[in-house]
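Numbering (our numbering), first residue to last: 311 to 903. Every residue, glycine too, gets a C-beta built ideally from N, C-alpha and C. Data block below; observations after.
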């Protein structure tokens, strides 16, 4: 029952049935009342007409016997009559059955009928009298007492009475017919209501199924409009709604994909927060940053954000204000922008954009250090050039040898300044991508050995043993710019010789490592501290000045060497232990001859 009532068909069907049942009930009650009154009035009218007919017969026929015979012929089988000239005098009976005498006496003795003999008024009354058909049984009769006047001017009264059982039988048949008609009307209404509700709700059920399909995301669902009425218009509107939903969802998906692509491709970290401070959305750089912070802070703390960002987020959510700050967090520098997200008039969250400024800070520091280092490097030779030049101008040198020595110093310092400027120009050209390589395919062992043995005399002068060793096949070849690689080897071997004390060793070794030629320059010098290894290839790197043994370079050689090796698609790195020595290693790809 609940299932039927919860459906449109059931509701419409039951509503129609209830309405029709109520109407049928009212109509049946009124119809039965009307028919009952109609039957009563019809009986009264019939009895009155029969009384008038009896009076006319008595007037037309002078003899009583003839009149009674005619009256007996016209009275119905259910109608009886008593004709009396006066109470209990000259009484005649027509159609009397058993108990006729008793019934006559009760009628004639009824007080309401006595005045008929006196006033000539017609009286009709319903009485409970003995049955004319069965012994010891009473029946309801309707009795009409009408005055009777014959042509002989004799007065009398005719009593016409009829059992109400006839009227009851007629009323019962009429009632049965009414109830049968109502039942047939109810059955027909039931089928009609079911058919009508089913016909009306069939398109609605189809639209319901289509709505479920739309809810599942199937926006191509169509409902066939079978009519041009309101339901057909509703089906047309439903199809238009489906097309509009499909269009809007596609637009939303496109915008979502565009936003996702933008967020994914952004180098800056973007984090979206809910009103309670929880993270709703983050792009890959932000996820990587959050993981780094979580690893640094420890999982047990359970808070991935630094306290500085939490304070900024709380300020934005509380005061609905945008904040831009540059902060140092977890050892890095970030330019952070917090903006509130609105939902109508209220703030529903915030979005944070973090731009990593660590590299800019590092580059700024390098720039400052570069300017300071260049100034420092140039200040000494300039000061010496200026001092000795002034000495020559003032004729400080008294002898030719002293003036020659001053001139030699001026020349050496000018050369040193020239080398510094040349190295700076070369390094700037390499880092800007304008370095041009002239590569040729050469036998690698032969080239590296020649470059190494070039320093044999310099090694002897400093008391250092220089040697060359190789495990590489003689036919192994590499495509290199020989002049540039020689510049690298010169820098590495020269550094090794300068940083190795007398009696030490410098070994140049060539090996093969997974398709690469591995060249290492190993010395037995004082070594480089581990914390300085990551800076050895930066500009103007100089560790402990004492390690240079009074022979300071420009500090740009290793930076230039690193750029040359990277331009050859190679790799360069350093390994060192303080007190044991240093190894500078670079790898270059080999080629088949």
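Select from the options the residue whose C-alpha is nearest the C-alpha of residue i.
i           : options            : result
residue 893 : 604, 557, 818      : 818
residue 806 : 832, 748, 661, 577 : 832
residue 393 : 333, 454, 447      : 454
residue 841 : 835, 887, 801      : 887
residue 695 : 667, 726, 504, 669 : 726
residue 896 : 826, 615, 759      : 826
residue 412 : 644, 503, 550, 446 : 446
residue 867 : 554, 327, 804      : 804
residue 630 : 645, 721, 658      : 658
residue 847 : 838, 835, 869      : 869
residue 746 : 778, 800, 876, 699 : 876
residue 586 : 624, 834, 573      : 624
residue 636 : 545, 671, 661      : 671
residue 429 : 449, 654, 466, 415 : 466
Which class does residue i belong to by DSSP, given the choice of helix, strand or coil?
i           : result
residue 815 : strand
residue 529 : coil
residue 456 : strand
residue 837 : coil
residue 463 : With a pLDDT of only 47 at residue 463, under the threshold of 50, the placement of this residue in the model should not be trusted, and no figure is reported.
residue 471 : strand
residue 489 : helix
residue 606 : helix
residue 346 : helix
residue 330 : helix
residue 917 : One cannot answer for residue 917 here, as it falls past the ends of the chain, which runs 311 to 903.
residue 890 : coil
residue 440 : strand
residue 637 : strand
residue 858 : Residue placement at residue 858 is flagged as unreliable, the pLDDT there being 43, under the threshold of 50; a coordinate-derived value is accordingly withheld.
residue 419 : coil
residue 359 : helix
residue 601 : helix
residue 869 : helix
residue 365 : helix
residue 824 : coil
residue 451 : strand
residue 788 : strand
residue 389 : strand
residue 615 : coil
residue 524 : helix
residue 325 : helix
What span of residues does the beta strand (DSSP E) with residue i cover, start to end?
i           : result
residue 659 : 656–666
residue 887 : 881–887
residue 770 : First-last for residue 770: 766–772, but that is the alpha helix (DSSP H), not the beta strand (DSSP E).
residue 800 : First-last for residue 800: 792–808, but that is the alpha helix (DSSP H), not the beta strand (DSSP E).
residue 592 : 589–592
residue 776 : 775–780
Please report the residue range of the alpha helix (DSSP H) in which residue i lies.
i           : result
residue 575 : 540–575
residue 847 : Here residue 847 belongs to no alpha helix (DSSP H), and DSSP marks it neither H nor E.
residue 648 : Note, residue 648: premise wrong, no alpha helix (DSSP H); beta strand (DSSP E) at 642–653.
residue 762 : 754–763
residue 579 : Looking at the DSSP string, residue 579 is not in any alpha helix (DSSP H); the run it does join, the beta strand (DSSP E), is 579–584.
residue 537 : It is not in any alpha helix (DSSP H) - residue 537 carries neither H nor E in the DSSP assignment.
residue 900 : Residue 900 -> no alpha helix (DSSP H), and no H or E assigned at all.
Quick one: using the 10 Å Cβ neighbour count with 16 as the cut-off for buried, is residue i buried or exposed?
i           : result
residue 878 : buried
residue 785 : exposed
residue 528 : exposed
residue 652 : exposed
residue 871 : buried
residue 634 : exposed
residue 748 : exposed
residue 515 : exposed
residue 723 : buried
residue 558 : exposed
residue 765 : buried
residue 812 : exposed
residue 673 : exposed
residue 569 : exposed
residue 498 : exposed
residue 473 : buried
residue 471 : buried
residue 503 : buried
**Request:** Could you say if the region 489–498 and the region 437–446 meet the contact criterion of at least three C-beta pairs nearer than 8 Å?
**Result:** no
**Asked** Is the region 589–605 close to the region 569–580, with three or more CB pairs under 8 Å?
**Response** yes
**Asked** Do the region 743–758 and the region 770–787 make contact, defined as three or more Cβ pairs closer than 8 Å?
**Response** yes
**Item:** the region 661–677 in contact with the region 634–645 per 3-pair CB rule at 8 Å
**Value:** yes
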